[in-house]
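All residue numbers for the sequence shown refer to my numbering, where the first residue is 29 and numbers rise by one.
Worksheet: the structure to be examined is printed underneath.
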Amino acid sequence: MEEYVTIKRKKGSLRGMVHIPEQGKSPYPGVILYHGFGGNRMEPSFIFVRLSRLLMANGIASVRFDFLGSGESDGDFEEMTFSSEIEDGFDILDYFSGRPEIDRQRIFLLGSSMGGSIAGYVAGSKGSRGSKVPEIKGLILWAAAGEMKELAREELARERGSADKSLPPKNPLDRKGLKLGLNFINDIENLEIMKVTSRYRGPVLILHGSEDETVQPEVALEYKEMLSGPTRLISIEGADHAFGAIPWQEELFSNTLEFVRANLS
Numbered sequence: 029m030e031e032y033v034t035i036k037r038k039k040g041s042l043r044g045m046v047h048i049p050e051q052g053k054s055p056y057p058g059v060i061l062y063h064g065f066g067g068n069r070m071e072p073s074f075i076f077v078r079l080s081r082l083l084m085a086n087g088i089a090s091v092r093f094d095f096l097g098s099g100e101s102d103g104d105f106e107e108m109t110f111s112s113e114i115e116d117g118f119d120i121l122d123y124f125s126g127r128p129e130i131d132r133q134r135i136f137l138l139g140s141s142m143g144g145s146i147a148g149y150v151a152g153s154k155g156s157r158g159s160k161v162p163e164i165k166g167l168i169l170w171a172a173a174g175e176m177k178e179l180a181r182e183e184l185a186r187e188r189g190s191a192d193k194s195l196p197p198k199n200p201l202d203r204k205g206l207k208l209g210l211n212f213i214n215d216i217e218n219l220e221i222m223k224v225t226s227r228y229r230g231p232v233l234i235l236h237g238s239e240d241e242t243v244q245p246e247v248a249l250e251y252k253e254m255l256s257g258p259t260r261l262i263s264i265e266g267a268d269h270a271f272g273a274i275p276w277q278e279e280l281f282s283n284t285l286e287f288v289r290a291n292l293s
């Protein structure tokens, strides 16, 4: 079953798709999919759609959604910050774990690119949210971004045409046709993304393309070295940031499914 859902919140509604297996007996284990910067709940090559349907065929539920300001969710992209997406991430976790078909003791987080950073941050900071937040059974990082401070500074320098910090930046910035607000830059400066992620002690699967030019493969190594729980890093030979070829995607899917299955008990 695929169900289009709208999750109403004070700051606007999140919209997405829930996939529930039709075989077996509920409650089902579930995976929450966090998309990347400027992306949406489908992602390039419909990779999130295909993964969700693969999981569903194997008795695993999932939800994929648009962050506020992206896709069909409410809001403007210009208003998006890393912190706002963290809040979206927790709201989806609360919604999904509260559905009667979902086993709240077996929920995994999966994020692609900046969505990987969000997934890691949610997993690492859930302890500060109280006992009502369910445990995270496992974390899956697809080409996850790491610390983004330097990227934010480079973006400012590009817009100014100079690295001189005294020059006033444009507001909003033009990021490949998307309006990026200065609040995003300022917010990133105040966050320790990888430090917070390192607080997560559960199993982690890291999948990264060896030819990723957007998020360098060294970032995947940083994640592996700082995480203290059982962590596996798989480098997909030749793959770019979006895993834009069928053999790379098949490797991505098979390893993701294997990881979830291995950590269900």
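The C-beta atom is built at its ideal place from N, Cα and C for all residues, glycine as well.
The Cβ atoms of residue 256 and residue 289 do not sit closer than 8 Å to each other. Leaving aside the five residues that flank residue 153 on each side, the residues in its chain whose CB is nearer than 6 Å to its CB run, in chain order, 224. Cβ neighbours of residue 283 within its own chain (closer than 8 Å, five residues either side excluded): 233, 235, 262. In its chain, beyond the 5 residues on either side, 96, 97, 209, 211 have a beta carbon closer than 8 Å to the beta carbon of residue 107.
Judged by DSSP secondary structure, residue 216 falls within the alpha helix (DSSP H) whose first and last residues are 210-217.
Secondary structure in the stretch 79-154: the beta strand (DSSP E) runs of 3 residues or longer, each lying completely within the stretch, are 89-94, 130-140 in chain order. Across the structure, residue 81 and residue 239 are spaced so that their CA atoms are roughly 27 Å apart.
Between residue 36 and residue 137, the alpha-carbon positions lie close to 21 Å from each other. In this structure, the beta-carbon distance from residue 57 to residue 292 falls below 8 Å. Here residue 202 is bridged, per DSSP, to 207.
A contact is defined here as three or more CB-CB pairs under 8 Å, and the stretch 239-248 meets this definition with respect to the stretch 159-173. A check of alpha carbon separations from residue 104 across 66, 29, 271, 52 identifies 66 as the nearest. Looking from the CA of residue 216, the closest CA among 181, 155, 143 belongs to 181. In the three-state reduction of the DSSP assignment, residue 33 falls in the strand class, which pools E and B. For residue 282, the enclosing alpha helix (DSSP H) stretches over residues 274-290. Comparing alpha carbon positions, the residue from 139, 140, 120 closest to residue 132 is 120. If you draw a straight line from the Cα of residue 63 to the Cα of residue 91, it is about 11 Å long. Beta bridge pairing from DSSP links residue 236 with 263. The beta carbon of residue 54 sits closer than 6 Å to those of 129, all from its chain and outside the five residues before and after it, given in chain order.
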